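Report on one structure; see the data block that follows.
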Amino acid sequence: MTQVADSMSDRSKSPSESSAYTENAEKLQMDWYPFTNDEKEVILHSWKVLEPHKQALGCDIYEMIFNQCPEARKLFPKMKFVNSKPDRKSCEFSFQALRFVQVIEGAVMSLDNLPALDPILDNLGRRHGKLEVNGKFRTYYWSTFLECSICIFRKTLTNSRKFPDKDVDQAIILWRYLLRDVMKKIKAGYNADISNRMTALAMDDNRSFSLPSIRKGSYTSDVR
1 MTQVADSMSD RSKSPSESSA YTENAEKLQM DWYPFTNDEK EVILHSWKVL
51 EPHKQALGCD IYEMIFNQCP EARKLFPKMK FVNSKPDRKS CEFSFQALRF
101 VQVIEGAVMS LDNLPALDPI LDNLGRRHGK LEVNGKFRTY YWSTFLECSI
151 CIFRKTLTNS RKFPDKDVDQ AIILWRYLLR DVMKKIKAGY NADISNRMTA
201 LAMDDNRSFS LPSIRKGSYT SDVR
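So that you can map any letter, position 215 of the sequence shown is 215 in UniProt numbering, and since no number is skipped, the others follow by simple counting.
Structure follows, in structure tokens:
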């Protein structure tokens with residue numbers, strides 16, 4: 001019945017309304033940057049240079065994040081720090097660093113179908129929502145993660161003999177587009193989780209406030 005109603009509703013739309021509806025639908029699908037084939041090749045070429053150093057990249061990114069935002073250490077209570085710096089030999093540190101780069105690698109491998117990553121990144125964001133509830137996560141960490149990643153990528157590509165200096169700027173611009181959208185998707189899941197938790201808390205508060213009044217009303221009714 002709902003499908004029939006939707007179909008009839010679509011048919012009743014004027015040409016201008018139908019056009020606007022289609023345009024909005026296309027915008028929803030185009031929320032990833034639309035990389036051209038040439039741009040994809042630039043990212044893939046640069047990734048071939050970066051990929052052999054995945055773990056070192058992740059460690060460098062995390063170390064820079066901790067230097068920029070020392071309070072971010074609270075997110076990783078099991079991670080060891082020596083003289084205020086993360087212990088790069090620590091299993092926990094290397095695990096977290098590699099896992100972060102693997103998320104980026106997933107985006108590179110999905111360049112031809114980036115929306116397929118949406119559920120994965122949404123789930124990752126929702127898991128970060130739990131950290132916000134515990135008072136450990138700050139929203140400015142998103143931009144810190146992005147800028148530190150871009151900085152380390154540029155440094156690695158610039159220092160590599162396998163990647164032309166003249167192509168570094170273009171590659172970094174494209175990496176910024178890709179990582180920006182990855183962070184945007186994770187942040188959307190994070191915001192959704194926070195919203196759900198706030199709604200649940202509000203419902204619990206309403207129940208706690210309403211129960212005494214119900215009991216009082218019942219007691220008054222019984223007395224009368």
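Cβ atoms here follow ideal geometry from the backbone N, Cα and C, with glycine treated the same way.
Being a predicted model, the structure only gives us computed values, none of them experimental.
So who's on the other strand from V82, going by DSSP bridges?
-> K85
Determine, using beta carbons only, whether F93 and C59 come nearer to each other than 8 Å.
-> yes
So, helix, strand or coil for P70, using DSSP?
-> helix
When you compare each of I172, R161, F163, K185 to C151 by their alpha carbons, which one comes out closest?
-> I172
Proximity winner among Q170, K162, R126, K184, relative to R194 (alpha-carbon distances) | First, the residue type needs correcting, since residue 194 is Ile and not Arg in the sequence shown. Among Q170, K162, R126, K184, the Cα nearest to that of I194 is on R126.
What distance in whole Å lies between the Cβ atoms of V49 and K185, which are believed to be in contact at a cut-off of 8 Å?
-> Wrong, their Cβ atoms sit about 25 Å apart, outside the cutoff.
Rounded separation between D167 and W142 - CA only = 27 Å
Using the beta-carbon count (16 or more within 10 Å), is L57 buried or exposed?
-> buried
Using 8 Å as the limit for Cβ to Cβ distance, is R180 near chain C?
-> In the structure shown, chain C cannot be found, because there is only a single protein chain.
Classify R138 as helix, strand or coil using the three-state DSSP reduction.
-> coil
Please check the pair A200 and D122, which I expect to be a contact at CB under 8 Å, by giving their CB distance rounded to whole angstroms.
-> Incorrect: roughly 18 Å between the Cβ atoms, too far for contact.
Whose C-alpha, out of E71, V42, F81, Y62, is nearest the C-alpha of A99?
-> The sequence given here has Arg at residue 99, not Ala. Distance check between R99 and each of E71, V42, F81, Y62 places Y62 closest, using alpha-carbon atoms only.
How would you label P70, buried or exposed, when you count the other beta carbons within 10 angstroms and need 16 or more for buried?
-> exposed
In the DSSP assignment, find the unbroken alpha helix (DSSP H) run with K40 in it and report its ends.
-> It spans 37-50 - the alpha helix (DSSP H) in which K40 sits, taken as one unbroken run.
What is the DSSP secondary structure of N24, reduced to helix, strand or coil?
-> Reliability of the predicted coordinates at N24 is poor, the pLDDT of 44 falling under 50, and the value obtained from them is presented with this limitation in mind. N24: helix per DSSP, three-state reduction.
Helix, strand or coil: how does DSSP classify Y33 here?
-> coil
Express the C-alpha separation of G106 and P34 in angstroms, rounding to a whole number.
-> For P34 and G106, the distance between alpha carbons rounds to 17 Å.
In chain order, what residues of the same chain lie with their CB nearer than 7 Å to the CB of W47, ignoring the 5 residues before and after it?
-> The answer, listed in chain order, is V108.
Should V103 and K54 be called a contact, given that it needs their Cβ atoms to be closer than 8 Å?
-> no
Which listed residue (Q68, P52, N83, R88) has its alpha carbon closest to that of T156 = With distances taken between Cα atoms, T156 lies closest to P52.
Kindly list the residues whose CB is nearer than 7 Å to the CB of D118, restricted to its own chain and excluding five residues on each side of it in sequence; keep chain order.
-> K185
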